[in-house]
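Encoded as structure tokens, the structure appears first; notes follow it.
Residue numbers (my numbering): 36 to 332.
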């Protein structure tokens with residue numbers, strides 16, 4: 036029995052990260068950052084993916100299953116297209132039905148400015164985990180290094196339950212190009228899994244940023260082996276950033292500009308997004324008003 040197996044046996048089943056499971060996560064991250072773990076698990080993911088990849092430029096990435104495609108992704112794509120300027124947007128489709136694939140193809144024919152690409156994920160790494168939503172929230176970060184290796188210059192990873200109010204790229208200056216990545220840090224939070232908010236993550240084509248993307252993807256893939264019962268897409272980036280800044284002299288992150296995500300529908304925000312399940316009705320109302328005003332103009 037290795038260290039990781041011993042931790043799992045002692046860790047009680049629960050829907051929060053126990054102290055023992057957090058110890059396991061830190062152990063996994065150390066192994067991945069040292070270049071000794073995670074690649075095998077991530078290769079299972081990468082070999083299972085099919086579809087089209089963007090090969091250059093600035094790309095917005097989101098992931099969704101069938102339900103979220105219909106509830107959120109379609110209007111996210113339309114909100115981006117309504118700006119009237121070229122934009123690459125990639126949807127990572129989680130176990131899509133044939134009906135959704137046909138809806139995607141139909142959506143692509145209606146777009147005038149968005150170059151929409153998609154990948155299909157059969158979710159092979161989710162087969163044994165107790166809560167499929169844990170995988171769904173992590174999948175876009177599993178895909179990120181593959182997009183960067185294809186030649187994407189700047190990658191903005193967002194929640195799919197959003198609409199674009201204005202272009203986000205104007206908010207990323209020279210600092211973004213000189214850093215390994217950008218996160219919404221909440222350093223004041225006591226619990227580790229709240230110290231990074233995963234609703235927006237910025238990566239670029241630099242060596243350091245690709246290394247960060249690969250470290251996160253491999254950490255996620257390896258952690259999924261141990262059947263996490265709670266989301267891991269926020270706690271693992273926090274642990275990676277904490278460890279990498281001591282291990283790599285050229286590792287540095289920046290805080291995602293506050294204008295990127297608007298949780299109260301601010302006029303200056305690039306995206307409006309849902310803040311908690313209780314606010315879904317307000318989001319749907321604001322989304323409808325935004326899209327209707329664009330259509331009217």
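For glycine and all other residues, C-beta sits at the position ideal for the given N, C-alpha and C. Source: prediction; values computed, not measured.
### Message
Are the CB atoms of residue 279 and residue 68 within a distance shorter than 9 Å?
### Response
yes
#### Entry: Check whether residue 123 and residue 159 have beta carbons under 9 Å apart
no
### Query
So residue 291 packs on residue 217, CB below 8 Å; how close in whole Å?
5 Å
### Query
Start and end of the beta strand (DSSP E) containing residue 220?
216–220
### Query
Relative to the C-alpha of residue 234, which residue among 307, 61 and 331 is closest?
307
### Query
Taking the C-alpha atoms as reference points, what is the distance between residue 146 and residue 271?
36 Å
### Query
With distances taken from CA atoms, which of 214, 54 and 105 is nearest residue 248?
214
### Query
Cα separation between residue 148 and residue 61?
43 Å
#### Entry: Limits of the unbroken alpha helix (DSSP H) element including residue 81
74–83
#### Entry: Neighbourhood of residue 199 by C-beta, 6 Å cutoff - its chain only, sequence neighbours within 5 removed
114, 115 and 306
### Query
Any idea what DSSP makes of residue 127, helix, strand or coil?
strand
### Query
In terms of residue numbering, what span does the beta strand (DSSP E) encompassing residue 99 cover?
93–99
### Query
Leaving out five residues before and five after residue 289 in sequence, what residues of the same chain have Cβ atoms less than 6 Å from its Cβ?
210, 214 and 217
### Task
Using DSSP bridges, identify the partner residues of residue 316.
Answer by DSSP bridge pairing: none, since residue 316 is not bridged.
### Message
Tell me which residue opens and which closes the beta strand (DSSP E) that residue 239 is part of.
### Response
231–239
### Query
Under a three-way DSSP split, which group does residue 184 fall into?
helix
### Message
Using the Cβ count rule (16 or more neighbours within 10 Å means buried), how would you classify residue 230?
### Response
buried
### Query
Could you give the C-beta distance for residue 345 and residue 178, rounded to a whole number, given that I count them as a contact under 8 Å?
Any answer about residue 345 is impossible in this case: the structure gives the chain only from 36 up to 332.
### Message
Among 223, 194, 130 and 89, whose alpha-carbon lies nearest the alpha-carbon of residue 180?
### Response
89
### Query
Mapping DSSP to helix, strand and coil, what is residue 197?
strand
### Query
What's the gap between the Cα of residue 260 and the Cα of residue 71?
16 Å
### Query
Buried or exposed: where does residue 228 fall if 16 or more other Cβ atoms within 10 Å of its Cβ makes it buried?
buried
### Query
Alpha carbon to alpha carbon, what distance is there between residue 172 and residue 75?
21 Å
### Task
Mind checking which residues open and close the beta strand (DSSP E) that includes residue 290?
288–290
### Query
For residue 284, which option in 203, 243 and 255 has the closest C-alpha, if you only look at C-alpha atoms?
243
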